[in-house]
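Colleague: One structure, as structure tokens, below. Some questions next.
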Amino acid sequence: MNHDLFRLKPHALAIVALSLAATLAHAANTGELPCKTTAECEQQAIKAGAIAKPISSKATSKNDEKEDQFYWIGKINKASAVMLTEEKIVEPEMGAKLASGVAYSLAQSEKSDGKRPKDVLQIEKIITDEIGPDASLIHTGRSRQDMYATYRMAKLRNQVLDYSDALNKLRTALLAAAAKNVNTIVPAYTNGVQAMPISYAHYLLAYEASFARDAQRIHELYKRMNLSAMGTAVLANSSWPLNRERMAALLGFDGIIENSLDSSQVAPSDVSLEATSIPSSSAIRLGVLLQDIHTQYHQTRPWLLLDEGSTYTSSAMPQKRNPGVIMRAREAASNVVGLAQTVIFRAHNVTTGMTDYKSSWDDLSLFPQAIKMVDNVNTVLNALNVNAKRSLEELEDDWTTSMELAEALQKEHQIPFRVGHSFASAIVTEARANGFKPKDFPYAKPLNCIRRHYRNINCLRPHFLSMKPISGKYCRPSSWSRPEWVLAGRNRQKWNAC
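Under mature numbering (1 follows the signal peptide of the UniProt record, and there is no 0), the residues of the sequence shown are numbered -27 to -1, 1 to 471, in order.
Put into structure tokens, the structure is as follows:
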């Protein structure tokens, strides 16, 4: 270690420190970030990744926030007034009276002293106060059970679609990052060991393809999710000739859940479990992607790094640049996996009709957490820098393209792959034992026993040092016959004698 810096006098050290501060982009020192209020300080720390961004709402968007339980009961009340009138269950004059009462309940909610209760009977009381006891006619043939099941499915639909929008933004970010790294060659790993070289674009596009499958899952889920429970009353329908299909259309659903017991007591469980499994699955893969980036910080010379402005300093160790935004994104992903498991546990070992499983995903704010997770990953991707020179250096330090030699021997000279594989493996073993890298390995040495069959032994080198050539052309000797070591097969004594 060079200790010259520590021999400088204090005033000289100060000058050096000031000059560095003026010229370099530093990791965020949260203690020096300008903030006048608690909220400003929190935002600065969140931006640097020093703390996690809290979930501020159970809603996934402004539209989802607007379409709360009061909104949906109001929507159901409007649809009920229309359907009851159309089916002549109430007279047109009564239908108009019910509609005016519903309109009043909605209008008063917009006033400063207005109310937006969630409960059906509390909302009915507001209508009753305006039009009298006839207000209860709007509840003909229905129950909290089918009303709440309908609201929850609509809420789930909103939140799944908002998550779908977030997922599309993530896919766009992955495509943009891939476009910048088509020619960036990086190591790929299997079993935690360097395996083969690929372009970083290839890596990113693999994950984009994975999230495209999530988009397909959402598309398939939507057909099962966009169905209405309204008109099934408690769980066994009612004696009133309700037009369920008309109610579904008025409420914006594609159709109805036919079985009345299924509609309010069974579908809320399996549809929500299917819905929450999608962000949970996404979270697991995002965790892997984040770990692939984060493990780079274990190295002294990483090839994947965040912009320094997206890291924060240690309070004690000057050399550290903590990749907080990666950690926050991974924490959010872990939260989503955990919350999805809680949804499963809430549905487990209960009897039909219990409330445990009907809105657990909403109680837990699972989809807001999932959107936060995706937003955090986008922050990581936007801050990511890839050092192509360093990643290529990492590849050239190892024998990552050894398989290419075995394939070249098979393709060009009909050497059985397993024989060529053993030959390439022997070269790698000797090279590693003697500290050789592909660029400086004495290729002629292990080939003395077959030198007579090659006019230019060095023609093997490109198979270690380059990607597979698109043209398929390899350097080849002017004449070829199977060498003695091939005919000897696995006879190690024969090989060692060479």
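Glycine included, each C-beta is placed from N, C-alpha and C at the ideal position.
Within 10 angstroms of its Cβ, does Y162 collect 16 or more other Cβ (buried), or is it exposed?
Modeller: exposed
Colleague: Where I443 and L357 are concerned, what is the direct C-alpha to C-alpha distance, given to the nearest angstrom?
Modeller: Reliability fails at I443, whose pLDDT of 36 lies under 50, so the model's placement of it is uncertain and the value that follows must be treated cautiously. Straight-line Cα distance between these residues: approximately 30 Å.
Colleague: What residue range does the beta strand (DSSP E) around Q167 cover?
Modeller: V166 to S172
Colleague: Quick check on R219: does DSSP put it in helix, strand or coil?
Modeller: Residue state, collapsed to three classes: helix.
Colleague: In whole angstroms, give me the CA-to-CA distance for residue 551 and D37.
Modeller: No answer is possible for residue 551: the residues shown for the chain start at -27 and end at 471.
Colleague: Using CA atoms only, rank isn't needed, just tell me which of V75, M120 and A179 is closest to T101.
Modeller: Nearest in C-alpha terms to T101, of all of V75, M120 and A179, is V75.
Colleague: So the alpha helix (DSSP H) A320 belongs to, where does it begin and stop?
Modeller: Element bounds for A320: G297 to A320.
Colleague: Please report the residue range of the alpha helix (DSSP H) in which P415 lies.
Modeller: Segment: none, P415 is in no alpha helix (DSSP H) and carries neither H nor E.
Colleague: Using a Cβ-Cβ cut-off of 7 Å (strictly less than) and excluding sequence neighbours within five positions of N30, which residues of its own chain qualify?
Modeller: The identity of residue 30 in the sequence shown is Ser, whereas the question assumes Asn. Closer than 7 Å at the Cβ level, and outside the excluded window around S30, lie E38 and P341.
Colleague: Alpha carbon to alpha carbon, how far is N349 from S398? Give it in angstroms, no decimals.
Modeller: 43 Å
Colleague: Beta-carbon separation of I317 and L246 under 8 Å?
Modeller: Going by C-beta atoms, I317 is nearer than 8 Å to L246.
Colleague: DSSP three-state label for G326, please.
Modeller: coil
Colleague: Determine the burial state of L148: buried for a count of at least 16 other Cβ atoms within 10 Å of its Cβ, exposed for fewer.
Modeller: exposed
Colleague: Strictly by DSSP, which residues pair up with P160?
Modeller: P170
Colleague: Report all residues from its chain with a CB closer than 8 Å to the CB of A168; omit the five preceding and five following residues, and keep chain order.
Modeller: P160, A161, Y162 and T373
Colleague: Can you tell me which of A174, L378, D335 and R115 puts its alpha carbon nearest to the alpha carbon of K204?
Modeller: Reading off the sequence, residue 204 comes out as Gly, not Lys. Of A174, L378, D335 and R115, the residue nearest in Cα terms is R115.
Colleague: Helix, strand or coil: which one does DSSP assign to Y427?
Modeller: Low local confidence applies: a pLDDT of 39 at Y427 is under 50, so the model's placement there is unreliable, and no value is given.
Colleague: Inspect the beta-carbon positions of L223 and M56 and report whether they are closer than 8 Å.
Modeller: yes
Colleague: To the nearest angstrom, how far is it from the Cα of residue 472 to the Cα of R186?
Modeller: This structure cannot settle anything about residue 472, because the visible part of the chain is limited to -27 through 471.
Colleague: Just curious, the beta strand (DSSP E) that L277 is in, first and last residue?
Modeller: L277 to L279
Colleague: Alpha carbons only, please: which of K88, E64 and A256 is nearest the one belonging to I111?
Modeller: E64
Colleague: Contact check, S236 vs D335 under 8 Å by CB: the rounded distance?
Modeller: With a Cβ gap of about 18 Å, S236 and D335 do not count as contacting.
Colleague: Using C-beta distances below 8 Å, list every residue in its chain close to V323, excluding the 5 sequence neighbours before and after it, in chain order.
Modeller: D329 and Y330
Colleague: Below 8 Å between beta carbons: does that hold for V207 and S253?
Modeller: no
Colleague: Is there contact here, the stretch 122 to 136 with the stretch 237 to 244, by at least three beta-carbon pairs under 8 Å?
Modeller: yes
Colleague: My assumption, with CB atoms under 8 Å, is that L259 sits in contact with A306. Please give the rounded CB distance.
Modeller: Right, their Cβ atoms sit about 5 Å apart.
Colleague: For the candidate residues I46, N295 and F396, whose alpha-carbon lies nearest to that of Y124?
Modeller: I46
Colleague: When we look at the beta-carbon of G393 and count the other beta-carbons within 10 Å, is it buried (16 or more) or exposed?
Modeller: buried
Colleague: By a C-beta neighbour count over all protein chains shown, 10 Å radius and 16 as the cutoff for buried, is A152 buried or exposed?
Modeller: exposed
Colleague: Judging by CA-CA distance, which residue of K35, K362, F409 and P90 is the nearest neighbour of P275?
Modeller: K362
Colleague: Once the 5 residues before and after Q387 are set aside, which same chain residues still bring their CB inside 7 Å of it?
Modeller: none
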